[in-house]
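In this note's numbering, the protein residues as written are 23 to 769. C-beta atoms are modelled at their ideal positions from N, C-alpha and C, and glycine is treated no differently.
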Amino acid sequence: MTYDFSQLTGNEFESLCNDLISKREDIFIERFKDGKDGGIDGRFHEADKSTVIIQSKHYLKSGFKPLVNKLKNDELKKLKKLNPSRYIVSTSVPLNPPQKDEIKRELEPYIKSTKDILGATELNSLLLQYPEIEENTYKLWINSTQVLKTIFNSKQNQNNQLKINNFLSKSKLYVRTKNHEDAKEKLNNLNTVVINGSPGIGKTTLAQQLALDYIAEGYSFCVIEDDISDLYKQLNTSEKQIFYFDDFLGDVIFNLNNSGNRTLKCINELKEAKNTKFILTTRTNILNQAKSSLPSYKSTNTESYQFEIPIHSLSRIDKAKILYNHIWYSNLKKPKIEKIYENKNYKKIVDHRNFNPRLIEFITDEYKTRDFLSDDFWTYITDTLNNPSEIWDHVIQHQLTKIERELVIYISLFTSRHISENDLENFHYLSAHEDPTFNDLIKSLTGSIINRELTEQRKIKNKKIIFYPASHYTLFDPSIKDYIFKKYSSEPSLISRLALIKKSPNDIEIALNGMYRKTASHENEKHKIQFIESIYSNLEIENENENSFNCYILNKIKEMNKTGLYNDINLSLFKIALKTKLKNLDIHQIKTINLNLKTISIDSFNPNESDDFEKLILNHNNNIEDLKEISKLINHLEPNGGELSGFLEDEFSTLLFSEIELIADQEGIEIYKDEYGEYDTSELEQLIDEQLSDLKSKNNLRNYEFIDDSILDRFVDDDQYNDAKNSLSNDFEDNDDSEIDSIFERE
């Protein structure tokens with residue numbers, strides 16, 4: 023295969039050239055990475071001890087004339103100073119004989135022969151001569167003719183060609199870190215890996231590049247779009263298959279007991295299927311919800327399949343390479359790139375506490391930053407890094423039309439994973455929008471806000487299964503949904519208007535279980551009631567007896583919230599629920615009970631065993647507002663404290679630690695050691711007190727101090743670990759600085 027070397031960055035191209043010249047000359051080449059290279063990318067000494075210098079110029083984008091000017095105006099001066107006996111220059115620019123003669127003429131006497139001028143043609147010839155170098159250069163190897171033939175040899179991979187090509191296009195930006203090798207080792211050993219981590223850390227990218235490794239080895243690529251049943255439909259244990267299930271738990275734990283248990287069962291079944299590999303991704307907080315919600319999670323050895331990408335797992339060099347790759351392949355205008363290089367600002371990005379690959383992808387995208395002039399660009403970058411949750415605000419509020427914005431809101435709030443083209447077009451039609459057309463709207467949004475994917479659908483016709491292509495849409499990035507949740511949860515009138523366009527109970531259920539559960543607070547509970555009432559008051563129900571279950575629930579909630587007082591029938595139902603299915607109470611039922619504690623005797627609440635109450639707590643231990651409601655009930659049951667109060671306080675401590683840790687990280691609050699080596703936790707204690715003040719005043723937790731101390735102890739334990747880790751890494755920081763400068767060195 024003939025390469026133009028566009029897959030490689032400048033540093034990668036330099037490394038490739040040194041490898042090829044080392045093979046050609048059959049000699050070890052010295053390489054230099056620290057600081058300015060002074061005109062030397064590689065060096066070796068011949069038998070007579072004379073010095074040979076190697077220089078690589080990745081001038082594919084610039085072309086021949088800028089290359090020659092660079093060599094004669096800059097490099098020649100360095101050569102006169104270094105005075106090597108021989109000079110070898112390699113470039114990604116294709117060179118014809120007259121061009122090689124011109125370069126030799128300009129750099130005489132240092133270039134002895136045109137064989138020491140290696141253009142794109144000569145480099146490709148050397149790759150054919152030394153195929154092992156191609157194999158060791160991942161970005162070339164994965165795009166080689168032989169590998170591409172292997173990838174698209176199977177019909178299954180041909181059907182998924184668009185998705186695989188998308189993975190391939192992202193490989194040029196990808197930086198292989200230790201995370202890749204560790205995750206691959208787990209996948210090799212256990213046949214399954216569940217990749218989890220915080221938003222934007224690179225879970226999906228790691229999963230995609232892992233999948234590519236196996237696809238290139240001859241595995242058929244199988245995508246699970248919605249449900250684990252997709253795997254069983256495609257599974258063939260006699261064939262090498264790699265299954266890919268991105269965001270397998272979704273955005274919220276919805277119908278988890280059914281689908282979650284089936285997924286866990288499948289993972290364990292595949293343990294012995296030697297020809298089958300299974301890659302899944304999910305956010306850590308969603309995974310933690312699954313652990314507490316699924317008893318089967320604890321009863322199986324599922325945790326052994328987990329591979330978490332820790333927030334601090336990327337080294338400074340890893341981060342520098344990620345940033346450099348994104349700049350190299352970006353469409354950013356040159357003045358904006360200059361702002362990143364100015365005063366070595368790239369180090370400030372690398373060292374920022376909120377660095378993650380998603381933010382880097384965002385700030386290096388010219389389309390998303392097109393409204394910012396170069397003079398404002400560095401301010402924009404720092405604002406984005408300081409407030410990562412707001413990265414989509416400018417795009418969605420200022421770069422989209424009202425019609426485009428409502429379409430994005432609809433996809434975010436009323437779809438769990440993706441939406442079919444037919445459903446999306448139907449929504450647009452029912453919205454009574456004639457201009458722009460649906461096709462024009464999709465063209466405007468695709469590639470920047472939404473993704474269009476082709477899939478293969480099945481239908482039965484005349485007792486035969488027929489396959490046909492179909493399109494569906496997903497959000498360009500999961501953080502768009504996070505932004506929409508946060509931005510519009512306080513606008514129930516807008517959400518209800520969009521929900522009523524299709525009048526789909528399923529849409530309403532998804533919104534309720536997604537946005538309002540995810541952003542739970544006292545204020546959002548009020549918005550939720552307003553949202554439900556707005557929908558209910560506009561529902562056209564001809565026959566209430568034929569009403570669906572979802573509308574029935576809306577009706578009951580509306581009735582219960584008219585006055586805040588509940589009738590005897592409701593109270594009786596809740597009494598029965600407490601005795602028979604306490605652990606299954608939802609938060610609305612718990613609130614109803616709390617509002618009527620004075621009218622219900624304490625005896626009515628005494629369950630036969632405390633296990634049910636503990637299960638109730640565990641079912642709600644991912645939401646601080648839910649736990650507050652349960653604490654009111656438990657305080658009523660145990661006025662003098664007891665086992666349930668202690669159990670609840672443990673769960674409060676665990677949940678609050680995660681929330682406070684996130685706030686502390688965002689605000690740069692750390693534990694310091696004073697001059698005597700003692701921990702100074704004053705800033706952190708103040709933050710904990712602020713977060714717990716509302717809890718203390720409204721919930722009457724008797725062991726408030728226990729929760730406070732428990733959270734602080736966890737931070738100190740973590741800091742002691744980080745002290746040990748940092749004592750090892752700090753010694754290398756100065757060396758990191760020079761290596762980072764070398765990565766960003768420009769011609």
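- By the criterion of a C-beta distance shorter than 8 Å, T259 is surrounded in its chain by A295, N297, T298, once the five residues flanking it on both sides are discounted.
- In its chain, beyond the 5 residues on either side, F86 have a beta carbon closer than 7 Å to the beta carbon of Q121.
- Annotated three-state conformation of T303 is strand, per DSSP.
- In the three-state reduction of the DSSP assignment, I125 falls in the helix class.
- Cβ atoms of S242 and S166 stay farther apart than 8 Å, at about 20 Å.
- Scanning its chain for C-beta atoms nearer than 7 Å, with the 5 sequence neighbours on each side dropped, one finds around I431 the residues I506, Y510, L520, in chain order.
- Short of 6 Å from the beta carbon of F669, and not among the five residues preceding or following it, lie these beta carbons of its own chain, in chain order: E636.
- When DSSP states are grouped into helix, strand and coil, T167 belongs to the helix group.
- Burial of N201 is indicated by the presence of at least 16 other C-beta atoms within 10 angstroms of its C-beta.
- Spatial neighbours of K134 in its own chain (CB-CB distance under 6 Å, excluding positions within 5 residues in sequence) are listed in chain order as R108.
- Note on R392: under 16 other CB atoms within 10 angstroms of its CB, so exposed under the neighbour-count rule.
- Exclusion of the five residues before and after E412 leaves no residue of its chain whose Cβ lies closer than 6 Å to its Cβ.
- Excluding sequence positions up to five before and after A205, its CB lies within less than 8 Å of the CB of V215, I217, L228, L232, F329, all in the same chain and listed in chain order.
- Taking C-beta atoms as the reference points, L149 and E156 count as a pair closer than 8 Å.
- Cβ-Cβ separation between R305 and D758: approximately 30 Å, too far for a contact (criterion under 8 Å).
- In the DSSP assignment, F270 is bridged to no other residue.
- Separation of the CB atoms of I308 and F300 is rounded to 18 Å, and the pair is thereby denied contact status at 8 Å.
- Secondary-structure assignment with DSSP links F265 through a beta bridge to C244, F300.
- The beta-carbon distance between V417 and K390, rounded to whole angstroms, is 6 Å. This is short enough to meet the 8 Å contact definition.
- Exclusion of the five residues before and after I51 leaves N40, S44, G64, F66 as the residues of its chain whose Cβ lies within less than 6 Å of its Cβ.
- In the DSSP assignment, K192 falls within the unbroken alpha helix (DSSP H) covering 183-193.
- Between I472 and F498, the CB-CB gap stays under 8 Å.
- When DSSP states are grouped into helix, strand and coil, K79 belongs to the strand group.
- Rounded to the nearest whole angstrom, the C-alpha separation of S191 and I333 is 25 Å.
- In this structure, T113 is the residue among E689, T113, E647, G272 with its C-alpha nearest to the C-alpha of L38.
- Taken in chain order, the unbroken stretches of beta strand (DSSP E) that lie wholly in the region 88-135 and span 3 residues or more are 108-113.
- Looking at the DSSP output, G219 sits in a beta bridge with R305, I331.
- Nearest C-alpha to E761 among F54, E34, D248: F54.
- I139 sits in a strand when the DSSP states are folded into three classes.
- Counting the other Cβ atoms within 10 Å of the Cβ of I441 gives 16 or more, which makes it buried.
- Around S493, the same chain offers S442, E443, R474, E475, L476, T477 as residues with beta carbons nearer than 8 Å, after the five sequence neighbours per side are excluded.
- In this structure, L714 lies away from A686, with their beta-carbon atoms at least 8 Å apart.
- Secondary structure of P379 (DSSP, three-state): helix.
- Looking at the backbone, the Cα of D462 and that of T404 are separated by about 34 Å.
- Between the alpha carbons of K102 and D269 lies a distance of about 58 Å.
- Taken atom to atom, the span from the alpha-carbon of K208 to that of Y327 is near 7 Å.
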